[in-house]
Amino acid sequence: MRLHDKVALITGAGSGIGREAALLWAGEGAAIMVADVNDAAGQAVVEEITGAGGRAAYVRADVSKAADAEGMVRAAEEQFGKLNVLFNNAGIMHSDDDNAISTEESVWDLTMNINLKGVFLGCKYGIPALRRAGGGSIINVASFVALLGAATPQIAYTASKGGVLAMTRELAVIHARENIRVNALCPGPLRTELLMKFLNTEEKKQRRLVHIPIGRFGEAREIASAALFLASDESSYVTGATFTVDGGITAAYVTPE
């Protein structure tokens with residue numbers, strides 16, 4: 217019960233990393249406020265948690281809208297009395313995101329609004345709630361692409377995740393004396409619907425796998441487990457960190473044959 221008596225708000229909790237975190241963290245004792253734009257998926261996660269004896273509730277929230285971000289934090293406090301952990305997980309990877317020449321401005325704006333502005337708004341309204349609770353943990357999902365360049369470009373996504381890293385460091389320093397920790401999680405390539413719909417041929421998959429020392433894509437559950445450490449008091453001396461969970465990809469020059 218590593219999150220006993222904690223209340224966690226998870227954005228994008230209807231699928232992928234968010235869903236796995238919601239299920240895992242509920243099993244560790246946390247009450248989960250599930251935030252998503254997909255009502256059916258969000259409610260399904262709540263039903264799975266409550267069916268197993270856990271505590272959870274759903275709130276519809278488009279993280280790129282200030283009113284929704286404020287509303288999801290308010291819902292967590294109203295439903296469970298406080299907020300201890302904010303997991304800014306929601307994000308998109310647009311199919312038309314490419315290089316700087318071919319990527320449309322609308323794709324850039326949409327990606328930034330969700331992936332970067334969404335994290336800002338989560339923190340804008342979440343930090344006062346953490347203050348009211350006496351402190352807590354914020355986990356912002358960045359990506360290994362914020363640390364490495366790629367010749368298979370998704371320029372808006374990459375730039376948005378770099379922004380998440382920079383913002384995380386600054387927030388960590390600003391709020392360190394308030395018992396509020398802010399860390400960034402950098403997953404490597406994952407076997408999730410979000411990525412696999414792009415890597416829809418064996419050739420595309422192998423183009424990535426050759427660079428991963430472990431030799432496989434990660435699983436959403438593995439990222440949720442890493443985030444659990446950052447959410448729990450076990451990481452009480454960790455703030456401003458870039459926690460890379462990538463199968464060794466950022467450490468590699470030549471991978472094993």
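Terminal number for the sequence shown in the working numbering: 473, no gaps in between. In this text, a Cβ means the ideal position worked out from N, Cα and C, and glycines have one as well.
Reduced DSSP secondary structure (H/G/I, E/B, other) of residue i
{"i": "residue 252", "result": "strand"}
{"i": "residue 226", "result": "strand"}
{"i": "residue 219", "result": "coil"}
{"i": "residue 274", "result": "strand"}
{"i": "residue 261", "result": "helix"}
{"i": "residue 289", "result": "helix"}
{"i": "residue 266", "result": "helix"}
{"i": "residue 460", "result": "strand"}
{"i": "residue 247", "result": "strand"}
{"i": "residue 374", "result": "helix"}
{"i": "residue 232", "result": "helix"}
{"i": "residue 368", "result": "coil"}
Cβ separation of residue i and residue j, assumed to be a contact under 8 Å, to the nearest whole Å
{"i": "residue 389", "j": "residue 356", "result": "About 14 Å; that fails the 8 Å criterion."}
{"i": "residue 352", "j": "residue 299", "result": "7 Å"}
{"i": "residue 489", "j": "residue 384", "result": "Within the shown structure, residues of the chain are numbered from 217 to 473, placing residue 489 beyond reach of any answer."}
{"i": "residue 292", "j": "residue 225", "result": "5 Å"}
{"i": "residue 304", "j": "residue 269", "result": "With 8 Å as the limit, residue 304 and residue 269 do not qualify as a contact, their Cβ atoms being about 27 Å apart."}
{"i": "residue 314", "j": "residue 369", "result": "6 Å"}
{"i": "residue 428", "j": "residue 471", "result": "7 Å"}
{"i": "residue 409", "j": "residue 231", "result": "7 Å"}
{"i": "residue 358", "j": "residue 302", "result": "With a Cβ gap of about 15 Å, residue 358 and residue 302 do not count as contacting."}
Same chain, Cβ closer than 6 Å to residue i, five either side skipped, listed in chain order
{"i": "residue 247", "result": "223, 271, 296"}
{"i": "residue 421", "result": "415"}
{"i": "residue 245", "result": "217, 219, 220"}
{"i": "residue 397", "result": "353, 455"}
{"i": "residue 324", "result": "372"}
Neighbourhood of residue i by C-beta, 8 Å cutoff - its chain only, sequence neighbours within 5 removed
{"i": "residue 276", "result": "251, 252, 253, 255, 258, 284"}
{"i": "residue 411", "result": "309, 405, 433"}
{"i": "residue 444", "result": "218, 219, 237, 240, 241, 244"}
Own chain partners of residue i with C-beta closer than 7 Å, once the 5 adjacent residues on each side are dropped
{"i": "residue 262", "result": "250, 272, 273, 274"}
{"i": "residue 376", "result": "327, 328, 331, 332"}
{"i": "residue 466", "result": "360, 363, 364, 460"}
{"i": "residue 378", "result": "362"}
{"i": "residue 266", "result": "272"}
{"i": "residue 391", "result": "343, 398"}
{"i": "residue 441", "result": "240"}
Legend entry - alpha helix (DSSP H) runs wholly inside the region 297-363, at least 4 long, in chain order: For the region 297-363, whole alpha helix (DSSP H) runs of length 4 or above, ordered along the chain, are 321-331, 333-348.
Inset, instruction - At 3 residues or longer, and completely inside the region 379-457: list those beta strand (DSSP E) runs for me, N to C. - result: Along the length of the region 379-457, whole beta strand (DSSP E) runs at least 3 residues long occupy 396-403, reported in chain order.
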